[in-house]
Structures are given as C-alpha cells and as structure tokens.
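Report on the following structure.
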Amino acid sequence: NLAEESALREITGTVESASEAGATISITLSTGYFGDVQYAIDAAFTAGPAGELRVRWSPSLIHPRLESGLAFEATLERPTRGAILDRNGVVLAETADNRFLGLNRSIISSPAAVEAKLLAFGFPQDAIDAAFASSLGPSQRVPVGIVPDERQVEANELVLSTTGLLLWFEPQRTHPLGPAAAHAVGYTRELTADELASRAGLGYVIGDRIGATGLEAGADTYLAGQPGGILRIVDPGHTLDIVVAEREYRPGGDLHTTLDAAVLQRSYERLGERAGASVVINPSTNEVLAINSSPSYDPAAFENNNPAAISAILANDGNPLNNRATNGVYSAGSTFKLITGAAGFESGFYTPTSLINCPSIWDGVDPPRRNWEGGQGLLTVAQGLMRSCNTLFYEIGLTIYNETDNLLSQVARKFGFGAPTGIVGIPEQDGLVPDAEWKVANRGEPWYPGDEVNLAIGQGDLLITPLQLANAYSAFVNNALRTPVIIQGQDPGPGTSLGLTPEQHAHLLLGLKLVTGASGTASAAFSFAGYTDFAGKSGTAED
Numbered sequence: 082n083l084a085e086e087s088a089l090r091e092i093t094g095t096v097e098s099a100s101e102a103g104a105t106i107s108i109t110l111s112t113g114y115f116g117d118v119q120y121a122i123d124a125a126f127t128a129g130p131a132g133e134l135r136v137r138w139s140p141s142l143i144h145p146r147l148e149s150g151l152a153f154e155a156t157l158e159r160p161t162r163g164a165i166l167d168r169n170g171v172v173l174a175e176t177a178d179n180r181f182l183g184l185n186r187s188i189i190s191s192p193a194a195v196e197a198k199l200l201a202f203g204f205p206q207d208a209i210d211a212a213f214a215s216s217l218g219p220s221q222r223v224p225v226g227i228v229p230d231e232r233q234v235e236a237n238e239l240v241l242s243t244t245g246l247l248l249w250f251e252p253q254r255t256h257p258l259g260p261a262a263a264h265a266v267g268y269t270r271e272l273t274a275d276e277l278a279s280r281a282g283l284g285y286v287i288g289d290r291i292g293a294t295g296l297e298a299g300a301d302t303y304l305a306g307q308p309g310g311i312l313r314i315v316d317p318g319h320t321l322d323i324v325v326a327e328r329e330y331r332p333g334g335d336l337h338t339t340l341d342a343a344v345l346q347r348s349y350e351r352l353g354e355r356a357g358a359s360v361v362i363n364p365s366t367n368e369v370l371a372i373n374s375s376p377s378y379d380p381a382a383f384e385n386n387n388p389a390a391i392s393a394i395l396a397n398d399g400n401p402l403n404n405r406a407t408n409g410v411y412s413a414g415s416t417f418k419l420i421t422g423a424a425g426f427e428s429g430f431y432t433p434t435s436l437i438n439c440p441s442i443w444d445g446v447d448p449p450r451r452n453w454e455g456g457q458g459l460l461t462v463a464q465g466l467m468r469s470c471n472t473l474f475y476e477i478g479l480t481i482y483n484e485t486d487n488l489l490s491q492v493a494r495k496f497g498f499g500a501p502t503g504i505v506g507i508p509e510q511d512g513l514v515p516d517a518e519w520k521v522a523n524r525g526e527p528w529y530p531g532d533e534v535n536l537a538i539g540q541g542d543l544l545i546t547p548l549q550l551a552n553a554y555s556a557f558v559n560n561a562l563r564t565p566v567i568i569q570g571q572d573p574g575p576g577t578s579l580g581l582t583p584e585q586h587a588h589l590l591l592g593l594k595l596v597t598g599a600s601g602t603a604s605a606a607f608s609f610a611g612y613t614d615f616a617g618k619s620g621t622a623e624d
C-alpha cells in the first residue's frame with residue numbers, strides 16, 4: 082500500500098479555493114522514501130440528508146490521476162553497502178548474507194524449552210535473553226545469532242523440531258581483520274529514532290545502519306549509496322504508467338584505501354597487551370599503511386548487536402573504543418628534539434658544524450637540570466640526537482628563547498603540530514603547541530625560560546597525537562608538510578616547505594640514522610637481521 086511502500090509519515094493539506102460546489106486542496110505527502118510529494122486535488126461537495134455539505138468520494142481524492150481500477154505501485158531498490166578494501170584489494174569490511182537463527186515469539190508456547198534448545202545449540206545466554214526481551218513486535222522475527230555454514234544441517238533440524246524458531250538470510254557487515262583494523266575501519270550501527278527523523282525523505286527506514294566510527298563513518302555517504310525507486314499509478318495490465326514520485330538510485334561504492342592488511346595485522350600484534358598506538362606512513366607518497374590503537378575491540382560485537390560483548394567493551398578501563406592514534410594527545414618526549422634541531426638551524430645561531438656542550442648538569446635555568454646519562458662533551462646537533470642529550474637541547478631552547486620571538490613554537494607548527502593533519506574520514510584532535518600568548522591566555526602567567534627548555538625536549542604543555550608525530554617525520558623526509566592520505570587516488574599535494582637547506586636536512590638525517598646505529602639510543606630496537614639503513618628517533622615522555 083501507499084503508506085507502507087513510501088514510508089508515509091504525514092499528510093497535510095491546504096485549501097486553496099472553495100465554493101459551494103467544491104474545493105481545491107494542495108496536498109503534501111511527507112514520505113521517508115521519496116521525500117515530500119506535492120499535488121492538488123479537487124474535492125466535489127454534495128448535500129447531505131440535513132442539507133449539510135459532504136465531500137463526494139472519489140479515488141481522485143487520494144491523487145488526481147487515481148481512478149477506479151487503478152492503484153499505487155512502488156518499485157524500490159536498496160543498495161548494498163560498499164566494501165572497504167586495503168591497497169591490495171584485501172577486504173577490511175564487507176556486507177555479505179549471513180544465515181540467522183531467531184525467534185517468532187508469538188507462536189512460542191514454552192519459552193523455557195526453546196531457551197534450553199538454543200543453549201544446547203551453543204548460543205550464549207545473554208544473546209538468548211536479549212532476543213526474548215526485544216522491543217520488536219511479538220510476531221516479528223528476532224535474531225539470536227549467526228549459524229556458521231558447517232552447522233547448517235543441525236540448524237535446519239532444530240528449526241523443524243521447534244515451533245517458534247526461524248532461519249533466514251540477512252545482510253551482515255563483517256570485518257575480517259577484527260581488532261587489528263578496528264580503529265581505522267570502524268563499525269556500523271542502527272540509526273536512532275532522532276537520526277531517522279533528521280534523514281526524513283532521504284530513503285532511510287527503521288533498521289538501516291550507518292557508519293559509527295572510523296572510515297565506516299567518515300565515508301558513510303559513499304559506502305551506503307542512495308536508495309532509489311519509483312512511485313507509480315498503474316492499471317492491472319500495467320499498460321498505464323503514471324510516475325508520481327521518483328528517487329535516483331546510487332549503489333554503494335567500494336572504498337579503496339591505502340591501508341595494508343598485513344601491516345595492520347603485524348602492527349596490532351606488536352602492540353600486544355600494551356596500551357599504545359602505532360601509525361605507519363610511506364614518506365614517498367604520504368600514504369597511511371596502518372593505524373592501530375591498543376587496547377582494541379572486535380567490531381563484530383556491534384555488527385551482531387551482542388549485548389555481552391558490547392558491555393565488556395564499554396566496561397574496559399582501557400577504553401578500547403578510543404583511537405589513541407588520532408584522538409589521544411601525549412607529550413612528544415625526545416622525539417621532539419628533531420624539531421628543536423631544525424629550529425636551532427632556522428634561528429641562525431647554530432649550523433651543522435656547531436659544537437654544543439652536553440654537560441651532566443646544565444644550569445641555564447633555575448633549578449639546574451641533569452642529562453639522563455651524564456655528560457657527553459661537545460657534540461654536533463646530529464650527535465646530540467644520537468645520544469638524545471637533554472642538556473644540549475636545553476641550551477638550544479634557551480638560545481631560541483633569548484634571541485627569537487616564539488621561533489620554537491612556530492617551527493613546531495610548521496611540522497604540523499597543534500592542528501589536525503587533515504586526514505580524511507577519521508576524527509582527530511588538534512593537540513597543543515604552547516607559547517607565550519597561549520600561557521598568558523590560559524594561565525595568566527608569562528612564558529618563562531623554563532617553559533621553553535621544557536618544550537625543547539618535548540615536555541611541558543606540548544600535546545601531540547601519534548598521527549601528527551608520524552606525519553611530522555614524513556614531512557621531515559620530504560622537507561615539506563603534507564596531508565596524510567588514507568584513500569587511494571587522493572593527492573597529498575606538494576605540501577608546505579619546512580625551509581631546511583640541503584646541508585641542514587642532511588645533517589639532521591644523519592642524526593636520525595645515528596640514533597638507530599650501534600651507538601644510538603634506539604640501536605636495540607632496530608637490530609633486525611639483514612637491515613642496516615634505518616633512521617628514527619627514540620623518545621620517552623614524563624607523566
């Protein structure tokens with residue numbers, strides 16, 4: 082019928098003109114599927130037994146083209162949600178038909194007996210309880226769980242022997258990598274009543290799912306496509322075809338990402354049980370190969386509406402739903418010393434040949450500060466990076482404080498800190514690059530030398546996301562800050578130059594290579610058999 086097939090929400094009418102003979106009324110059908118359908122009808126009046134005016138019934142009161150023997154017909158087409166694929170075509174998320182076993186509670190005479198059979202089959206108690214307590218109508222089918230292919234015969238026998246149990250196929254979103262890709266890919270969920278109301282007329286109906294997090298949410302419109310169809314008036318032989326309303330159909334699109342399933346899996350495994358995050362970017366293209374956060378979660382809990390699994394995720398003190406790679410903000414620690422070295426060069430007070438003291442105790446500010454491994458003598462900036470000498474970078478920070486106007490904070494922003502990276506489809510935090518203006522506004526205090534030297538080693542009020550840090554190091558490789566790319570075909574652009582001269586860039590790169598070499602602070606982490614050419618920076622931040 083018209084109301085059901087068009088998801089009719091409301092009918093409103095406005096009398097445009099009227100006389101004793103009749104009236105012309107503008108009608109608006111507010112439908113969930115086709116939006117607002119507007120037309121005018123002519124209502125003819127007739128005299129009632131007491132002389133009162135009555136409306137003479139005619140099918141044309143429903144629609145001016147509707148006559149006796151004609152009917153409304155809706156042809157609807159609902160798209161399948163597109164897949165999310167890695168750079169090699171490996172499926173990260175897809176919609177496939179799953180075999181569901183569930184209930185028709187209106188014909189179950191002994192719930193306890195049915196419950197016992199479901200438990201014996203292997204369904205968890207919480208899933209059974211949730212199905213019996215569902216808010217759906219008693220005659221509507223309520224899923225208990227998915228039946229794997231290898232248990233199809235058992236499930237058929239169970240349904241045939243138990244009144245009130247049903248088997249059916251239904252599209253289900255699956256995420257083959259599970260927790261390994263959860264934060265990058267995300268999951269879907271059912272529309273809320275408010276969301277359904279706000280999408281009125283766009284083709285959404287009760288039970289539709291939308292992207293909740295990750296790329297599922299960020300690329301939801303593209304992945305979901307657009308429901309389409311035609312509302313017609315037809316005769317029994319379909320020789321008459323009057324189009325009343327139409328919505329263009331658009332299939333769900335497959336999202337081809339730059340992610341690498343193998344790298345995602347390996348990165349997830351390396352994080353293990355530790356709380357943390359990892360981001361892998363190819364500096365040549367600025368393509369993101371992996372984004373991982375730990376602890377993680379299995380998206381299947383939400384796709385299957387598994388109450389126990391969802392409750393366990395929400396109760397986890399580690400907050401598995403938080404994407405630490407983009408939403409977590411942390412001190413940079415010694416990884417920030419690359420930026421301090423670049424700022425030192427930009428200040429003009431240091432060059433690649435400058436020798437800077439790395440004392441055990443540095444008294445440039447009060448109270449004096451210590452280097453974590455004692456004095457190392459005179460070092461270049463590259464050697465200072467290799468040994469991660471705090472006191473050397475304190476000295477650079479103090480010089481910048483005394484001789485420039487917030488240069489260190491400015492260079493930090495050139496490397497992308499303090500602002501979103503611009504990655505498409507994944508929410509992220511700005512982070513914070515503190516400076517004199519910020520401190521006055523937020524603390525009511527001046528920016529002291531101690532603030533600057535804290536910043537010089539990535540401490541103090543500096544807050545960054547792991548994605549920002551990975552993108553900053555990718556920017557260093559290219560001497561230009563670019564946008565991280567996570568969807569194939571996107572162009573990171575030429576970026577914004579960091580302004581390092583070839584000599585300055587080469588010297589800092591040497592320092593990063595020394596960090597991973599035999600005498601560097603990260604030598605143990607990079608001692609892979611068969612690999613020798615690494616560059617990087619270790620870092621430990623204080624709470």
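For our numbering, add 81 to where a residue sits in the sequence shown, where the first one is 1. Virtual Cβ for every residue (Gly too), placed ideally from N, Cα, C.
So what does DSSP say about residue 346, is it helix, strand or coil? helix
Across which residues does DSSP place residue 166 in a beta bridge pair? 172, 337
Reducing DSSP to helix, strand and coil, say where residue 534 ends up. helix
Suppose the cutoff is 8 Å on Cβ atoms and the five residues either side in sequence are ignored; what does the same chain contact list for residue 595 look like? 463, 464, 466, 467, 601
Within 10 angstroms of its Cβ, does residue 475 collect 16 or more other Cβ (buried), or is it exposed? Around the beta carbon of residue 475, 16 or more other beta carbons lie within 10 angstroms, which makes this residue buried.
Give me whichever residues DSSP pairs with residue 253 in a beta bridge. 177
Is the distance from the Cβ of residue 32 to the Cβ of residue 334 below 8 Å? In the structure as shown, the chain begins at 82 and stops at 624. Residue 32 is therefore absent and cannot be evaluated.
Report, in whole angstroms, the separation of the C-beta atoms of residue 537 and residue 421, which I expect to be a contact under 8 Å. 5 Å
In three-state DSSP terms, what is residue 322? Strand at residue 322.
Give the secondary structure of residue 519 by DSSP, where H, G and I count as helix, E and B as strand, and everything else as coil. Three-state DSSP puts residue 519 in a helix.
Would you kindly work out how many angstroms separate the C-alpha atoms of residue 368 and residue 343, rounded to a whole number? 15 Å
Alpha carbon to alpha carbon, what distance is there between residue 544 and residue 243? If I take the Cα positions, the gap works out to 60 Å.
Taking the CB atoms as reference points, tell me whether residue 504 and residue 295 lie closer together than 8 Å. Cβ atoms of residue 504 and residue 295: not closer than 8 Å.
What would DSSP say about residue 119, mapped onto helix, strand or coil? strand
Going by DSSP, name the residue or residues bridged to residue 361. In the DSSP assignment, the residues bridged to residue 361 are 371.
Are the C-beta atoms of residue 541 and some chain B residue less than 8 Å apart? Given the protein chain composition of this structure (a single chain), no chain B is represented.
Which residue marks the beginning of the alpha helix (DSSP H) containing residue 405, and which one marks its end? 405 to 408
Check residue 313 in the structure and name its three-state DSSP category. strand
If you draw a straight line from the alpha carbon of residue 134 to that of residue 123, how long is it in whole angstroms? So the alpha carbons of these two residues sit roughly 15 Å apart.
In its own chain, which residues sit with a C-beta less than 7 Å from the C-beta of residue 220, not counting the 5 before and 5 after it? 185, 187
Using a Cβ-Cβ cut-off of 8 Å (strictly less than) and excluding sequence neighbours within five positions of residue 324, which residues of its own chain qualify? 311, 312, 313
Counting pairs of beta carbons, one from the stretch 405 to 417 and one from the stretch 358 to 368, are three or more of them closer than 8 Å? With the cut-off at 8 Å, the stretch 405 to 417 and the stretch 358 to 368 touch.
Is the separation between the beta-carbon of residue 303 and that of residue 384 shorter than 8 Å? no
Locate the alpha helix (DSSP H) running through residue 153, then write down its first and last residues. Segment 152 to 158 is the beta strand (DSSP E) holding residue 153; no alpha helix (DSSP H) there.
Within the continuous beta strand (DSSP E) that includes residue 85, where are the two ends? Unbroken run through residue 85 is the alpha helix (DSSP H), 83 to 86; no beta strand (DSSP E).
Going by beta carbon distance, what residues of the same chain come within less than 6 Å of residue 337, once the five residues before and after it are set aside? 166, 569
Can you give me the Cβ contacts of residue 288 inside the same chain, cut-off strictly under 6 Å, excluding the 5 residues immediately before and after it? none
Starting from the C-beta of residue 230, find all residues in its chain whose C-beta is less than 8 Å away, skip the five residues before and the five after it, and write them out in chain order. 180
Write down the C-beta distance between residue 381 and residue 256 rounded to the nearest angstrom, noting that I regard them as a contact closer than 8 Å. Indeed they touch by this definition, with Cβ atoms about 7 Å apart.
Closer than 8 Å is the cut-off here; do at least three beta carbon pairs connect the stretch 195 to 213 with the stretch 262 to 278? Touching, no, given that fewer than three Cβ pairs across the two stretches are closer than 8 Å.
How is residue 468 classed by DSSP in three states: helix, strand or coil? helix
Check whether the stretch 556 to 564 touches the stretch 493 to 502, taking contact to mean three or more Cβ pairs, one atom from each stretch, closer than 8 Å. yes
Which of helix, strand or coil does DSSP assign to residue 411? strand
Excluding the 5 residues flanking residue 441 on each side, which residues of the same chain have their C-beta closer than 7 Å to its C-beta? Answer for residue 441: 451, 452, 455, 456, listed in chain order.
Applying the criterion that 16 or more other CB atoms from any shown protein chain within 10 Å of the CB defines a buried residue, is residue 514 buried or exposed? buried
Specify the secondary structure class of residue 474 as computed by DSSP and reduced to three states. helix
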